[in-house]
Ligand code: IMP
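In the numbering used here, the protein residues as written are 446 to 637.
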């Protein structure tokens, strides 16, 4: 079985991806490889940030690894919050970040938005990218309590409820992250 580092400390994300990847690869978190650094994420794009994280691990530990970066892009806000999704209001409080989007969107009729996720994988020293996105729109008011981040204000295209009103499996089946991970898993299965 091959070991693959997932550059995250989020156990929930790790278990989810491990279940999808199957037995061919054993995933390890940053903690499990003894990496407690605050890995820089200073890129201007999701690609750059994902790449920065996986290269950081590869250069220091020489281990096969992957990392993800994701966020919300709102058309009427010129693609914001984008790479600043986690700290748009200046704080990491997702309620404040979400409220700032709602405030900036007040009175706007074009409410189109999308979530994007980019995964950077470094396997045998070669980097590959996998991307997933989900189109949708920003609500006028928040709805739902499930999920995290901007889920209460995002309605995916073809649906009438927000991500925060969906069951986890329903969201994962159509989400940006679910789609990017599916591409990663398909690629890894071809390598076995
Ligand atoms: P990260 O890529 O896990 O660091 O996520 C960046 C930020 O984007 C998060 O802190 C959230 O604010 C936002 N975000 C990413 N994915 C989602 C999602 O599935 N739902 C809601 N917000 C998300």
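Even for Gly, the Cβ is constructed at its ideal location relative to N, Cα and C.
Taking the Cα of residue 489 as reference, the smallest distance to any Cα among 482, 510, 524 is reached at 524.
Relative to ligand 1, even the nearest heavy atom lies 6 Å or more away from the CB of residue 482.
Of the residues 604, 533, 580, 475, the one whose Cα lies closest to the Cα of residue 503 is 475.
In the displayed model, residue 484 falls within coil according to three-state DSSP, outside both helix and strand. Residue pairing for residue 596: DSSP places it in no beta bridge. Scanning the segment 509-549 from its first residue to its last, the whole beta strand (DSSP E) runs of 3-plus residues come out as 510-519. According to the DSSP secondary-structure assignment, residue 583 is paired through a beta bridge with 599. The nearest non-hydrogen atom of ligand 1 is 6 Å or more from the C-beta of residue 538.
For residue 608, same chain residues with a beta-carbon under 6 Å away, outside a window of 5 residues either side, are 592, 596, 599, 616 in chain order.
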